[in-house]
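Chemist: The structure follows.
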Amino acid sequence: MTEMQAPPRRDIDRDTRLALYTSLVRLRLFEQRAYDLFMQNLVKGTSHLSLGMEAVAAGFGHAMRSDDYTFATYRGHAHTLVRGADMAATMAELLGRSNGLLGGKGGSMHLTSVEHHAMGSYAIVGAHLPIAAGAAWSAQVRATEQVSVCFFGDGTTNIGAFHEALNMAAVWELPVVFVCENNLYMEYTPIRDVTAVANPAADRAASYGLDSILVDGNDVEAVYELAQDVFAKARAGGGPSLIEAQTYRKGGHSRADAAKYRPPDEVEAWMARDPIDLYRARLLDLGVDDEALRDIEERAQAEVDDATETAKSGAEPDGSTLMTEVWSDGGAAWRN
Amino acid sequence: MAELTYRGAVSRGIAQEMERDERVLMIGEDIAAAGGVFKTTEGLVEQFGPTRIRDTPISEEAIIGMVMGAAMTGLRPIGEIMFSDFLATCWDIVANQIAKTRYMTDGQVELPLVVFTNNGGGLRFGAQHSQSVENWAMAIPGLKVVAPSSPVDAVGLMAAAVRDPDPVVYFSHKALLATKGEVPDGEIVDELGTAKVLRDGKDATIVALAAMVPRAAEAAERLATEDGINCTVIDVRSLVPLDTRTILESVSRTSRLFTVEENPRLVGWGAEIASLAAEECFWDLDAPIVRITTPHIPLPSAAALEDMAIPSVDRIVETVRKYAR
Chain A
68 MTEMQAPPRR DIDRDTRLAL YTSLVRLRLF EQRAYDLFMQ NLVKGTSHLS
118 LGMEAVAAGF GHAMRSDDYT FATYRGHAHT LVRGADMAAT MAELLGRSNG
168 LLGGKGGSMH LTSVEHHAMG SYAIVGAHLP IAAGAAWSAQ VRATEQVSVC
218 FFGDGTTNIG AFHEALNMAA VWELPVVFVC ENNLYMEYTP IRDVTAVANP
268 AADRAASYGL DSILVDGNDV EAVYELAQDV FAKARAGGGP SLIEAQTYRK
318 GGHSRADAAK YRPPDEVEAW MARDPIDLYR ARLLDLGVDD EALRDIEERA
368 QAEVDDATET AKSGAEPDGS TLMTEVWSDG GAAWRN
Chain B
21 MAELTYRGAV SRGIAQEMER DERVLMIGED IAAAGGVFKT TEGLVEQFGP
71 TRIRDTPISE EAIIGMVMGA AMTGLRPIGE IMFSDFLATC WDIVANQIAK
121 TRYMTDGQVE LPLVVFTNNG GGLRFGAQHS QSVENWAMAI PGLKVVAPSS
171 PVDAVGLMAA AVRDPDPVVY FSHKALLATK GEVPDGEIVD ELGTAKVLRD
221 GKDATIVALA AMVPRAAEAA ERLATEDGIN CTVIDVRSLV PLDTRTILES
271 VSRTSRLFTV EENPRLVGWG AEIASLAAEE CFWDLDAPIV RITTPHIPLP
321 SAAALEDMAI PSVDRIVETV RKYAR
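Taken in sequence, the protein lines are chains A and B.
For the first sequence, position 323 (counting from the first letter as 1) is numbered 390 according to my numbering, and the numbering increases by one without interruption.
For the second sequence, position 23 (counting from the first letter as 1) is numbered 43 according to my numbering, and the numbering increases by one without interruption.
Quick look at the structure:
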């Protein structure tokens with residue numbers, strides 16, 4: 068693992084710290100429940116969990132302004148929830164129920180909550196980088212000082228859209244922050260085996276005249292502080308940033324993947340750096356009492372339990388919705 | 021009323037909409053300083069400034085992706101793909117993202133955008149710069165598709181496309197750029213999903229699109245004078261939505277249907293219209309439905325070969341004559 072320079076610690080207030088911890092725990096418990104529901108065959112299709120990677124979503128999510136835009140990948144549950152999407156509706160979407168965020172039309176890979184500026188989860192690798200740049204272009208034209216934040220995996224750095232979007236964003240000095248969640252595996256193949264440079268995003272930043280930025284993606288405060296810096300730069304007209312957050316999946320790429328291709332010592336080393344365990348220990352060191360943390364954990368568990376029950380109680384989508392919302396008139400007619 | 025070229029009409033349509041609505045912007049390769057490689061955006065950067073008419077790198081995925089991101093966040097952008105053949109380089113954004121996002125999000129995301137592109141053959145550009153690919157777009161649920169054949173329609177359909185709340189792929193035709201037509205003064209706003217009857221005749225219905233429209237009209241004129249065969253000529257104009265009412269009513273009246281398509285044979289837009297006519301006008305038909313298309317080949321570059329490939333006035337006349345006597 069590449070050495071990263073730890074940013075100087077700033078004073079983060081207690082409320083923010085507890086909010087970060089709350090998000091980490093909520094995201095973790097949601098994803099664990101999602102996994103359990105797959106195992107019960109209540110979730111069909113596929114799903115890609117952020118277990119082990121929650122600190123990236125929480126750190127960036129908490130640094131955002133409420134009108135900043137999030138663009139996520141098919142591994143987008145955490146990024147959508149952290150913006151404020153209703154947990155029960157998110158769970159219901161995974162279950163394909165009518166009370167889902169998307170009425171059951173999108174599923175796990177397409178979670179979107181426009182009212183929370185979670186502008187979608189994109190399931191074709193790389194596609195959303197230019198789309199996120201477009202939202203940043205729009206913010207620039209409208210002079211709103213909004214930032215567009217685009218999360219993607221390490222594998223995305225090898226697809227053409229990555230290059231097109233980064234170059235365009237740099238040339239137009241767009242307020243967009245590209246965040247590569249490098250979990251070391253593109254799907255099943257180690258990213259280092261298929262990439263010309265050691266750090267797939269950071270080592271390419273120079274090609275676009277951008278700073279090379281690596282951050283420990285399992286250190287929620289490091290992520291949060293970095294996010295504040297790059298967002299401030301973008302809002303001030305300083306243009307885009309490309310971040311490489313190093314992290315690791317607790318499980319496989321997707322539902323069907325047991326991740327047996329990962330060496331046991333590597334897995335062990337990363338599991339010892341679980342972002343939630345790390346932050347919990349740090350908060351205790353900082354003098355937060357254990358009871359406050361347990362209270363957060365119990366509340367999050369109750370929220371996930373309630374969300375699960377609400378989601379499960381939702382009906383299957385009504386057949387009448389099959390032919391709706393192709394067009395803005397609400398319908399699907401292509402002829403008169 | 022003024023006489024305008026098709027290329028001038030495209031640019032007038034864009035200017036009309038940009039003047040009306042400051043959320044309308046356009047990006048593409050060589051569209052600003054150079055005025056477009058086909059001069060369809062000439063003078064616009066001078067009129068509207070470099071923020072609203074902006075040159076991009078050669079990055080089709082970025083152009084169309086940016087247009088999508090801007091459309092979902094409050095702008096009404098137009099993205100130009102210089103040659104429609106290049107849609108293949110950004111087809112993921114068009115077919116997987118733009119077309120599907122509204123449905124996948126159950127209506128949360130609205131995409132009022134236009135993909136403007138230069139389509140079609142006849143300029144001896146060879147197989148990668150001459151295709152008629154409107155059926156690519158027509159095949160994907162969630163995209164509206166227009167292809168004007170005249171200057172006045174080029175203005176009006178541009179306005180309709182820009183104002184439509186859904187994504188529209190606008191196919192300008194390269195072989196029509198220098199053609200001229202009368203265009204009324206003042207604002208012109210057309211309607212998507214409307215075909216236009218250019219000529220009324222009782223013996224056969226000829227349905228055509230874009231550059232095939234003037235050829236179909238000329239063929240109908242010859243058939244009337246040389247053979248006494250009177251054809252209705254319909255300019256489809258809008259493939260999605262499709263004005264099936266106008267087309268099928270005419271087929272039922274004339275009992276004969278011919279499509280004139282510049283695209284290669286398989287799965288051209290005319291196949292869909294033929295299928296609809298077979299399903300819904302079968303008992304009114306007096307002759308087989310015949311599609312007049314380019315053969316199922318890549319387009320050649322040499323003039324002699326390209327002219328053989330694309331349906332000609334002679335081929336339309338001969339085909340209709342054979343089946344409509």
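Heads up, the beta-carbon is just placed ideally off N, CA and C, and yes, glycines get one too.
Here the structure is a predicted model, which is why all the values come from computation and not from measurement.
#1: Which term fits Met68 (chain A), buried or exposed, when burial requires 16 or more other beta carbons within 10 angstroms of its beta carbon?
#2: Report yes or no: is there a C-beta of chain B within less than 9 Å of the C-beta of Thr69 (chain A)?
#3: Exposed or buried, Trp303 (chain B), counting other C-beta atoms within 10 Å across all chains shown (16 or more means buried)?
#4: Is Val233 (chain B) closer than 9 Å to Ser272 (chain B) when the C-beta atoms are compared?
#5: If you compare alpha carbons, which of B:Asp306, B:Ala237, B:Thr60 is closest to Ala174 (chain B)?
#6: Assuming His115 (chain A) contacts His320 (chain A) under a Cβ cut-off of 8 Å, what Cβ separation, rounded to an integer in Å, is found between them?
#7: Roughly how many whole angstroms lie between the Cα atoms of Gly227 (chain A) and Gly193 (chain A)?
#8: Alpha carbon to alpha carbon, how far is Arg209 (chain A) from Ile84 (chain B)? Give it in angstroms, no decimals.
#9: What does Arg257 (chain B) touch in chain A if you count any residue whose Cβ is under 9 Å from its own?
#10: Against chain C, with Cβ distances strictly below 9 Å, would Ile343 (chain A) count as a contact?
#11: At least one CB of chain A closer than 9 Å to the CB of Asp105 (chain B): is that the case?
#12: Under 9 Å, do Arg265 (chain B) and Ala291 (chain B) count as touching if we go by C-beta distance?
#13: To the nearest angstrom, how far is the alpha carbon of His183 (chain A) from that of Asp135 (chain A)?
#14: So which residues on chain A does Arg265 (chain B) lean against when the C-beta distance must stay under 7 Å?
#15: Less than 9 Å between the C-beta atoms of Ala152 (chain A) and Asn166 (chain A), yes or no?
#16: Does Val216 (chain A) come within less than 9 Å of chain B when only Cβ atoms are used?
#17: Taking 9 Å as the CB-CB cut-off, is His177 (chain A) touching chain B?
#18: Rounded to whole angstroms, what's the CA-CA distance from Ala307 (chain B) to Pro331 (chain B)? Just pull it up for me.
#19: Using a C-beta cutoff of 9 Å, does Asp327 (chain B) count as contacting chain A?
#20: Within 9 Å (strictly less), CB to CB, does Ala202 (chain A) reach chain B?
#21: Which term fits Thr245 (chain B), buried or exposed, when burial requires 16 or more other beta carbons within 10 angstroms of its beta carbon?
#22: Determine the direct distance from the alpha carbon of Ser104 (chain B) to that of Glu326 (chain B), and round the result to whole angstroms.
#23: Exposed or buried, what is Gly305 (chain A) when buried is set at 16 or more other beta-carbons lying within 10 Å of its beta-carbon?
#24: Would you call the segment 47 to 61 of chain B and the segment 158 to 176 of chain A touching, i.e. three or more CB-CB distances under 8 Å?
#25: Using only the alpha-carbon positions, how far apart do Val280 (chain B) and Glu241 (chain B) sit?
#26: Return the chain-ordered list of same chain residues with a C-beta closer than 8 Å to the C-beta of Ala179 (chain B), the five sequence neighbours on each side being excluded.
#27: Buried or exposed for Arg72 (chain B), please, with buried defined as at least 16 other CB atoms from any protein chain shown within 10 angstroms of its CB.
#28: Could you give the uninterrupted runs of the beta strand (DSSP E) lying entirely in the segment 178 to 240 of chain A, keeping only those of 3 residues or more?
#29: Rank B:Glu130, B:Ala231, B:Val44, B:Gly56 by C-alpha distance to the C-alpha of Ser395 (chain A) and give the top, closest one.
#30: Is the segment 385 to 402 of chain A touching the segment 114 to 132 of chain B, taking contact as three or more C-beta pairs under 8 Å?
#31: Quick one, which of A:Ala323, A:Ala359, A:Glu160 has its alpha-carbon nearest Arg377 (chain A)'s?
#32: Under the three-state reduction of DSSP, which class applies to Thr69 (chain A): helix, strand or coil?
#33: Are the C-beta atoms of Leu296 (chain B) and some chain A residue less than 9 Å apart?
#34: Tell me, to the nearest whole angstrom, how far the beta carbon of Leu262 (chain B) is from that of Ala297 (chain B); I am working on the premise that it is less than 8 Å.
#35: Taking the C-alpha atoms as reference points, what is the distance between Leu87 (chain A) and Phe105 (chain A)?
#36: Can you tell which of B:Cys251, B:Ala322, B:Glu282 has the C-alpha that lies nearest to the C-alpha of Val337 (chain B)?
Modeler: Concretely, from the data shown:
#1: No answer about Met68 (chain A) holds up, because its pLDDT of 39 lies below 50 and its placement is not dependable.
#2: In this prediction, Thr69 (chain A) scores a pLDDT of 48, lower than 50, which makes its location untrustworthy; no coordinate-derived value is stated.
#3: If you draw a 10 Å sphere on the C-beta of Trp303 (chain B), you find fewer than 16 other C-beta atoms in it, and that means exposed.
#4: Taking 9 Å as the Cβ cut-off, Ser272 (chain B) and Val233 (chain B) do not qualify as a contacting pair.
#5: Of the residues B:Asp306, B:Ala237, B:Thr60, the one whose Cα lies closest to the Cα of Ala174 (chain B) is B:Thr60.
#6: Between His320 (chain A) and His115 (chain A) the Cβ distance is about 7 Å, and since that is below 8 Å, they are a contact.
#7: Going from the Cα of Gly227 (chain A) to the Cα of Gly193 (chain A) covers about 8 Å.
#8: If I take the Cα positions, the gap works out to 19 Å.
#9: Near Arg257 (chain B) there are no residues of chain A at all, since even the closest Cβ is about 13 Å away, more than 9 Å.
#10: Although the question refers to chain C, the structure presented lacks it and instead comprises the protein chains A and B.
#11: No, because no Cβ of chain A sits closer than 9 Å to the Cβ of Asp105 (chain B).
#12: Contact flag unset, no.
#13: If you take the alpha carbons of His183 (chain A) and Asp135 (chain A), they lie about 9 Å apart.
#14: Under the 7 Å cutoff, chain A gives Asn403.
#15: Contact annotation: Ala152 (chain A) and Asn166 (chain A) have beta-carbon atoms that are not nearer than 9 Å.
#16: Taking 9 Å as the CB threshold, Val216 (chain A) stays off the interface with chain B.
#17: At least one C-beta of chain B is nearer than 9 Å to the C-beta of His177 (chain A).
#18: Rounded to the nearest angstrom, the two C-alpha atoms are 21 Å apart.
#19: Not closer than 9 Å to any Cβ of chain A, the Cβ of Asp327 (chain B) fails to qualify, so no.
#20: Cβ-Cβ to chain B under 9 Å: yes for Ala202 (chain A).
#21: Label assigned to Thr245 (chain B): exposed.
#22: Take the alpha-carbon of Glu326 (chain B) and the one of Ser104 (chain B): they are about 18 Å apart.
#23: Answer is exposed; the Cβ neighbour count stays below 16.
#24: The segment 47 to 61 of chain B is not in contact with the segment 158 to 176 of chain A.
#25: Whole-angstrom Cα-Cα distance: 15 Å.
#26: The beta carbon of Ala179 (chain B) sits closer than 8 Å to the beta carbons of Gly33, Gln36, Glu37, Glu207, Ile208, Val209, Asp210 from its chain, once the five residues preceding and following it are set aside; these are given in chain order.
#27: With 16 or more Cβ atoms within 10 Å of its Cβ, Arg72 (chain B) is classed as buried.
#28: Fully enclosed beta strand (DSSP E) runs of 3 or longer: 185 to 189, 215 to 220.
#29: Checking every option, the nearest Cα to that of Ser395 (chain A) belongs to B:Glu130.
#30: Note that the segment 385 to 402 of chain A touches the segment 114 to 132 of chain B; at least 3 beta-carbon pairs, one per stretch, sit closer than 8 Å.
#31: The sequence given here places Thr at residue 377 (chain A); Arg does not occur at that position. Comparing Cα positions, the closest option is A:Glu160.
#32: Unreliable positioning characterises Thr69 (chain A) in this predicted model, as indicated by a pLDDT of 48, which lies under 50. The coordinate reading is nonetheless provided below. Correct three-state label for Thr69 (chain A): coil.
#33: Leu296 (chain B) counts as touching chain A.
#34: That belief does not hold up - the Cβ atoms of Leu262 (chain B) and Ala297 (chain B) are roughly 12 Å apart, past 8 Å.
#35: For Leu87 (chain A) and Phe105 (chain A), the distance between alpha carbons rounds to 27 Å.
#36: The option with the nearest alpha carbon to Val337 (chain B) is B:Cys251.
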